[in-house]
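Peer 1:
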Amino acid sequence: MLVAFADATAAADLVPHRATYEMRLNPGRRAVGVIDVRGLMVMESVDACDAWETKQRIRLTFLRPDTEEFVTDSAFTSFEAKDGSSMQFSVRNTQNGEVEEELRGVAEVVQGGPGRASFTLPEPRSFDLPAGTTFPMAHLSRLIEHAKVGEKVVAYNVFDGARLDGAFKVNAVIGRAPRPVAGAAPKGDVVLLRNQPAWTVRLAFFPADDQAGQPEYEVSMDLLANGIARSMVLDYGDFALDAKLQRIEALPRPKC
């Protein structure tokens with residue numbers, strides 16, 4: 000069931016920042032087809048006045064059971080209007096330096112109505128988006144607002160431009176703040192991590208037209224009210240990755 004958020008009008012106070020995460024194979028899950036994975040993920044949210052510019056890059060080294068290694072590099076960039084009406088996006092995925100996939104396009108939605116996504120790469124194509132579709136930063140903001148008022152289960156159609164066949168149906172379960180985990184503290188502007196309400200959020204991503212089976216992947220995160228995730232687990236079914244925050248940097252707010 001698609002849940003429309005109407006109880007609060009103020010958007011979450013997301014902070015512009017750059018977060019660097021160490022990525023490791025989750026030891027608690029039996030991995031299929033790989034014996035080790037490690038790398039880095041960098042996520043950046045830039046306040047561009049009437050829009051959010053987001054960048055994400057994940058570089059991973061996989062070790063197969065036959066001891067063969069391969070390196071994947073995924074880069075995602077978007078420019079998302081703060082009113083939720085439009086988003087420009089680009090995606091580039093490589094393996095061992097060879098481009099495997101490159102996507103580029105724009106998407107627009109009408110409040111209360113359907114939207115439309117138009118790709119220019121890998122080839123021109125367009126398709127409709129379900130009514131109520133939201134984009135990633137708007138989705139994050141709405142999740143935080145739901146958490147603030149005590150909502151536990153919410154669902155949205157979310158389009159991020161990372162696939163050619165439409166939006167995801169994203170089911171979210173919001174729980175209490177996780178217990179602190181022992182280990183090295185992140186470096187950088189750690190003041191961004193202090194005195195913030197926090198929740199455990201579990202997201203399950205389903206193709207919008209197929210919600211009967213298993214999710215394509217799941218993400219669990221320790222989410223702060225300012226939009227920063229202190230840690231994440233990315234579960235792809237055959238294996239899961241732990242993302243531990245290594246460094247947090249505050250980015251400037253513009254004079255709009």
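Using numbering that gives the first Met the number 0, you'd call the opening residue of the sequence shown number 0 and step up by one each time.
All C-beta atoms in this analysis are idealised placements derived from N, C-alpha and C, irrespective of residue type, glycine included.
Thinking just about the alpha-carbon of each residue, which of Ala-18, Phe-134 and Val-33 is nearest to the one in Asn-25?
Peer 2: The residue you call residue 25 lines up with position 26 of the sequence shown. With distances taken between Cα atoms, Asn-25 lies closest to Val-33.
Peer 1: Would you tell me roughly how many angstroms separate the C-alpha atoms of Lys-186 and Arg-246, rounded to the nearest one?
Peer 2: The residue you call residue 186 lines up with position 187 of the sequence shown. The residue you call residue 246 lines up with position 247 of the sequence shown. The C-alpha of Arg-246 is placed about 5 Å away from the C-alpha of Lys-186.
Peer 1: The alpha helix (DSSP H) with Pro-135 in it runs from where to where?
Peer 2: Reading the sequence shown from its first residue, position 136 is the one you call residue 135. Per DSSP, Pro-135 belongs to the alpha helix (DSSP H) from 135-147.
Peer 1: For Pro-113 and Thr-133, I'd like the C-alpha separation in whole angstroms.
Peer 2: Sequence index remark: in the sequence shown, residue 113 carries index 114 (1-based). Sequence index remark: in the sequence shown, residue 133 carries index 134 (1-based). Spanning the two alpha carbons is a distance of roughly 10 Å.
Peer 1: Answer yes or no: do Glu-79 and Val-90 have a C-beta to C-beta separation smaller than 8 Å?
Peer 2: Taking the first residue of the sequence shown as 1, we reach residue 79 at position 80. Taking the first residue of the sequence shown as 1, we reach residue 90 at position 91. Contact: no.
Peer 1: Put Val-190 into one of helix, strand or coil per three-state DSSP.
Peer 2: Here residue 190 is taken as the residue at index 191 of the sequence shown, counted from 1. The answer is helix: DSSP assigns Val-190 an H, G or I state.
Peer 1: Measure the alpha-carbon distance for Asp-49 versus Lys-254 and round it to whole angstroms.
Peer 2: Translated into positions along the sequence shown, residue 49 becomes position 50. Translated into positions along the sequence shown, residue 254 becomes position 255. So the two alpha carbons sit approximately 11 Å from each other.
Peer 1: If you follow the beta strand (DSSP E) that Glu-217 is part of, which residue opens it and which one closes it?
Peer 2: As a working note, residue 217 is residue 218 in the sequence shown. Looking at the DSSP string, the run of the beta strand (DSSP E) that includes Glu-217 is 216-223.
Peer 1: By the 10 Å Cβ neighbour count, where 16 or more other Cβ atoms means buried, how is Pro-135 classified, buried or exposed?
Peer 2: By 1-based counting over the sequence shown, the position of residue 135 is 136. It is buried - the Cβ of Pro-135 has at least 16 other Cβ atoms within 10 Å.
Peer 1: Using a Cβ-Cβ cutoff of less than 7 Å, which residues in the same chain neighbour Phe-244 once the five nearest sequence positions on both sides are dropped?
Peer 2: As a position in the sequence shown, residue 244 is number 245, starting the count at 1. Reading off the sequence shown, one finds Leu at residue 244, where the question assumed Phe. Shown here for Leu-244: same chain residues with a beta carbon closer than 7 Å to its own, the five before and five after excluded, namely Ala-18, Tyr-20, Pro-185, Arg-229 and Ser-230 in chain order.
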